[in-house]
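Inspection log for the structure reproduced underneath, given as structure tokens.
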Amino acid sequence: PDGVARAHAAGAPSAARQKLQAKLQGARFRQLNEQLYTTNSASALALLRAEPELFDAYHRGFREQVRKWPSNPLQRLIEWAKALPSGTVLGDFGCGDAQLAASVPHRVHSFDLVAANERVVACDIAAVPLRDGSLDGAVFCLALMGTNWADFLCEAHRTLKPGGALKIVEVRSRITDVRDFVRALRALGFDECAVDKESNSHFVAVDAVKAERAPDKAVRPKPLVPCVYKRR
């Protein structure tokens, strides 16, 4: 009995510490998440270059959120990519740990603010190191985070081949006006814009195709609604 009591006594502080650490990590994730949604990508890149450990803290929190979702939206994009012809070249903008590249047989150029592994090129996704017209498809999975998200889509237009596919998955609450979002896509040089808000309770999927016309860079679409988690 004494041994059991001592074990419980020894375990209690550890459990309390773990709970406190989880709470602090959650608070840090929410702070970083809000910051990334409400600043432009150049500022976010500068922040994470100065403090690269913040990227790890963010993605630890993000992985905790993913566990609570009914499904991972990236899986939809992986299944789409797997069905593409041999020789397809994709760009994964805001790739995180480059799971798409690790899951499909095609060549995938993976970009994010920090290189989480050897597959990832660290950069601002408004200016990626690719030639014009080098991609068959551009993917943004929960990646339109910066206030300058229109610049990301202009970069996708630049790097896509004519007729190349644009695939976007976002949190449903971020795109409140579908018609306005489609108008923005058209202004940014995309056609055949289709928005699916029905097949998933949490996420919206957007498919479009690069048009021949150049993006109207003078157009400043409405900001997307930040995905900010409640503080507990």
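Numbering-wise, the working numbering puts 124 at position 115 of the sequence shown, and it's gapless, one number per residue. For glycine and all other residues, C-beta sits at the position ideal for the given N, C-alpha and C.
query: Which class does residue 147 belong to by DSSP, given the choice of helix, strand or coil?
result: Here residue 147 is taken as the residue at index 138 of the sequence shown, counted from 1. Three-state result, residue 147: strand.
Cβ distance (whole Å) where residue 102 is taken to contact residue 130 below 8 Å: Residue mapping note: residue 102 aligns to position 93 of the sequence shown, counting from 1. Residue mapping note: residue 130 aligns to position 121 of the sequence shown, counting from 1. Residue 102 to residue 130, Cβ: 11 Å. No contact.
query: So what's residue 17 in DSSP terms, helix, strand or just coil?
result: Along the sequence shown, read from residue 1 onward, the residue named residue 17 stands at position 8. For residue 17, the pLDDT reaches just 46, beneath the cut-off of 50, and the residue's location in the model is therefore unreliable, although a value from the coordinates is still provided. In this structure, residue 17 counts as helix in the three-state DSSP scheme.
message: Could you pull the DSSP bridge partners for residue 100 from this structure?
response: As a working mapping, residue 100 is identified with position 91 in the sequence shown. Note: residue 100 sits in a beta bridge opposite 118, 147.
message: In this structure, how does DSSP classify residue 224 when only helix, strand and coil are distinguished?
response: To locate residue 224, count along the sequence shown from 1; it is residue 215. It is coil, neither helix nor strand.
task: Name the residue from 108, 217, 207 whose alpha carbon lies nearest to the alpha carbon of residue 192.
output: For the purposes of this step, residue 192 is taken as the residue at position 183 of the sequence shown. Nearest of 108, 217, 207 to residue 192, Cα basis: 217.
- prompt: When you compare each of 178, 234, 231 to residue 211 by their alpha carbons, which one comes out closest?
  reply: Counted from its first residue, the sequence shown places residue 211 at position 202. Residue 211 has its Cα closest to that of 178, out of 178, 234, 231.
query: What's the C-alpha gap between residue 143 and residue 182?
result: Counting from one through the sequence shown, the residue named residue 143 turns up at place 134. Counting from one through the sequence shown, the residue named residue 182 turns up at place 173. Approximately 32 Å between the Cα atoms of the pair.
field: Contact under 8 Å by Cβ, residue 234 with residue 168
entry: Stepping through the sequence shown from its first residue, residue 234 is reached at position 225. Stepping through the sequence shown from its first residue, residue 168 is reached at position 159. Here residue 234 is not near residue 168, since their CB atoms are 8 Å or more apart.
query: Does the Cβ of residue 228 have 16 or more other Cβ atoms within 10 Å, making it buried, or fewer, making it exposed?
result: Along the sequence shown, read from residue 1 onward, the residue named residue 228 stands at position 219. Classification of residue 228: exposed, given that the 10 Å Cβ count is below 16.
field: Rounded separation between residue 63 and residue 57 - CA only
entry: Locating residue 63 in the sequence shown gives position 54, where the first residue counts as 1. Locating residue 57 in the sequence shown gives position 48, where the first residue counts as 1. If I take the Cα positions, the gap works out to 6 Å.
Where residue 219 falls: helix, strand or coil (DSSP): As a working note, residue 219 is residue 210 in the sequence shown. Here residue 219 sits in strand by DSSP.
query: What's the gap between the Cα of residue 219 and the Cα of residue 164?
result: Residue mapping note: residue 219 aligns to position 210 of the sequence shown, counting from 1. Residue mapping note: residue 164 aligns to position 155 of the sequence shown, counting from 1. Distance between the alpha carbons of residue 219 and residue 164: 11 Å.
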